[in-house]
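K.L.:
In terms of full-length UniProt numbering, the sequence shown has 360 at position 360, counting the first letter as 1, and numbering is strictly consecutive.
C-beta: ideal position from N, C-alpha, C; glycine also.
Can you read through this structure? Questions will come right after.
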Amino acid sequence: MAYILGYGPGKGIKISTAEAADTSKFQLQIRANHPPLPLFYISHPWGVASSTCLRPKDQVQLPKEPIPTFRQQSQVRAWRPKFAVGMDRGELDSERRIERVKSTIDLFGERTIEGNSTLMKHQTGFSERSSSRTRELHMARRDIGRFNESRRSAESIKARAESELFVANNSVRDLASRIEEFNLKTEANMERGKEEWALDIRNVAQSAEVMRDLEYVKKEVSKLRLDMASVLDEKNRAEKETEASNSKISWYLTMAEALQKEIEKVNEEQVLVELAQIEALKEIEAIEAQRKEEADRFSSEMETTRKKMNEIIQEINSSKETELKLAATNFDVTVLQNELKLAYEMDRRVQRGESFRQREVSFREGKGLDSKLELQLVTEELETSKKELALIREDSFQIMASLDVIREELKHASQQVSQLKKKENKTDVIVQNLNSKLLRAKAKLEAVSAAEEKANTIVSNLSLTLEQLKMEAEAAKKERGLICEETTNIKAEVEKTEFETDSAEERLQAAMQELEAVKSSEATALEKLKTLSENTMRARASASKHSSTITISKFEYEYLTGRAAGTEEIADKKVAAAQAWTEAIKASEKEIVMKTEMNHRKVRELRVQEEQEAYETKKSLAAKRVVDGEARNRRESSAKKSEPENMSWLEGALPRKSMRENSSLTPVRRVKFRKSASPAFRHLAKSGSFKAKRRRKVIPNLAKLFTKKGMESDHCVL
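Pasting the structure below:
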């Protein structure tokens, strides 16, 4: 370790500790042209300056320039080592001033307590040189005695302040440990750091650190208050949410009871519907048997009509042949008539041309016999043709009469065929209607079964959600009780911390006032020491005029060397205590951050659970509304389509004769009785569908229930 002998700002001589020796005095050989050094300061690596002496007979070569004297306190404050450039100027000056005052107080106090031997030696040395110096020393000793008394009172006040600060620190430590859930490790570190720190509190800078720590603790307390306020807000919100969940649970319970009642009703109606289905199947079988009989009868009638049609077609073909024959005979008759006309004309010509005949007598005589024979043949042929024409006319009249009869029979057959076609079309339409109604009934049965399955699944889901909500409500109640207990404990702790912080603040204010008084007394002591040092410098200057050496006592040298080592140890202890304190504060901060993060995570988890529950409830309500809307739309469309068709079909396709022919009167009466008792059979009497009424009754009730409860749940959620 090296010491620096300073004789001015930025100037000094480096001297090692090995060069020091246990001698009574030492001499510093300087030039005659330099003024004597009034005070010497030795600086060590921690930046604490103190007056000291050098080993005897050390020859130090000084510069030729005159050495400035430290006559002003500003010059003393201005000088500082190079390694302490980054430190705070005010704190360094205050530490130096306090250490100088303490060193001077300890120096002169110990000298007075130990005895008057050293003082007498010192006074005799100075009395030999000047009488004025002895007077000043007597005055200084008197002032030192007074200052010792003030120092003792200041030390007692400081001890009280330290004890109060220790108590305040203990209270703050206890509060921090309670808030941090009594973490033993950090508490032990804080106790160690605070104990070491309380033992090392000996100056005003450390009290400023205490104030900083208190401000930090206040900030932490304010943060804790804010956290408490947020926790209270979360608690209120959780209470409101628990109330809303309780209301939701009650609503779910009522809805489950209503659904159970509706399910019982649906089961009863399902039994009635199954019975109606059995009877309807019987009726459908009877209708199908009747339809088969009618189809067989219609097929036999169709065969007879086809046979008649074939016979009529054959007759028509034969009549066509006779018509052809008549046409041929008519043609022959016309030819014969033309020939007869020619024969008549020839007779007339014969009668008119008698002259021509006379001229040609010779020719006629030769051919007369031939013409007579031809005329006889022609007349005979004419008579036969007339007879044949008469017969042909009679046959034609008979054929015309038979054709009229055939036409009438054809008209009657065509009418029968059209009627049979109409009946066949009607039967086809009836069969198609029955098939469509059967398909509709099957679709309705499937829809009703699907709706029942959906209702069962909804009921099971609701029961599960009710159980979950009950469990969550119980857990929420338990958490609410725990939160209430924690809030009461935290409120009590917060009140205690506020009370203790207020008392600690009051004590600190009183301690600060006492410290200010001590500072004022120290300032007066410093002024007195300044005057005393100036007097000693003057005395040494006057003594150095006659000799080139300055004498310092062995006690001063030993005290200054030991003081430097003690200051180093104290500084090391202070650094270790500050590090432990910072580590404890960091650990407490980490724990507080971890706890706040845990609380935030819990709050987030609760929020996520509540959002999931709300989403599930909204989803179930939306699904119920969608199911209700689909059921309504299907019901309206089926009602609009099925009512007129079913009324017309039941009036034409279900006659009483078929029921009487296929079964006795008792099933009809039983069906009528059940129709009057069950709403499904009423709808069967109107529409022919035995499932529509059930859908009309059950699904609207469920829709009303869900809509009402959905509105209530919306109000509860809002």
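1) Just the Cα atoms here: how many angstroms apart are Ile313 and Glu285?
2) Report buried or exposed for Asp628, applying the criterion of at least 16 other Cβ atoms within 10 angstroms of its Cβ.
3) Could you tell me which of Met302, Ile263, Lys602 sits nearest to Leu420, measuring between CA atoms?
4) For Tyr344, count neighbouring C-beta atoms within 10 Å of its own C-beta (all shown protein chains included) and say buried if the count is 16 or more, exposed if not.
5) Count the other CB atoms, across all protein chains shown, that sit within 10 Å of the CB of Ile287; report buried if there are 16 or more and exposed otherwise.
6) Suppose you measure from the CA of Glu388 to the CA of Glu394; what does that come to, to the nearest Å?
7) Given 8 Å as the limit, is there contact between the segment 237-249 and the segment 466-482, that is, 3 or more CB pairs closer than that?
8) Using the Cα positions of Pro222 and Glu215, report the straight-line distance between them to the nearest angstrom.
9) Note down the Cα distance separating Ala244 from Gln509, rounded to an integer number of angstroms.
10) Is the separation between the beta-carbon of Ile392 and that of Thr329 shorter than 7 Å?
11) With distance defined between alpha-carbon atoms, name the residue in Ala451, Val405, Glu162 nearest to Asn267.
12) Taking Leu469 and Lys248 to be in contact with their CB atoms under 8 Å, please state how far apart those CB atoms are, rounded to whole angstroms.
13) What does the alpha-carbon distance come out to for the pair Glu424 and Phe298?
14) I'd like to check one pair, Ala256 with Leu438: are the Cβ atoms closer than 7 Å?
15) What runs of the beta strand (DSSP E), each 3 residues or longer, lie entirely inside the segment 399-430?
16) Look at the alpha carbon of Asn456 and the alpha carbon of Val626, and state the distance between them as a whole number of angstroms.
17) By DSSP, does Arg80 sit in helix, in strand, or in coil?
18) Since Ser402 contacts Ser319 with CB under 8 Å, what's their CB separation in whole angstroms?
19) For chain B, find out if any of its Cβ atoms is closer than 7 Å to the Cβ of Glu339; answer yes or no.
20) Are the Cβ atoms of Arg507 and Glu220 separated by less than 7 Å?
21) Using CA atoms only, rank isn't needed, just tell me which of Arg141, Arg152, Met139 is closest to Val518.
22) Let me make sure I understand the geometry here. Which of Glu283, Ala541, Asn535, Ala258 has the alpha-carbon closest to that of Arg135?
23) Assign Lys444 to buried or exposed, taking buried as 16 or more other Cβ atoms, counted over all protein chains shown, within 10 Å of its Cβ.
P.N.:
To lay it out plainly:
1) When the Cα atoms are used, Ile313 and Glu285 turn out to be separated by approximately 41 Å.
2) buried
3) Met302
4) exposed
5) buried
6) Cα to Cα, Glu388 sits roughly 10 Å from Glu394.
7) yes
8) Just to set this straight, residue 222 is Ser in the shown sequence, not Pro. In this model, Ser222 and Glu215 are separated by some 10 Å (Cα to Cα).
9) 51 Å
10) Yes.
11) Ala451
12) 7 Å
13) For Glu424 and Phe298, the gap between their C-alpha atoms comes out near 8 Å.
14) no
15) none
16) 17 Å
17) Low confidence applies to Arg80: its pLDDT is 39, below 50, so where it sits in the model is not reliable enough to give any reading.
18) 7 Å
19) The chain inventory of the structure shown lacks chain B, comprising one protein chain alone.
20) no
21) Arg152
22) Asn535
23) buried
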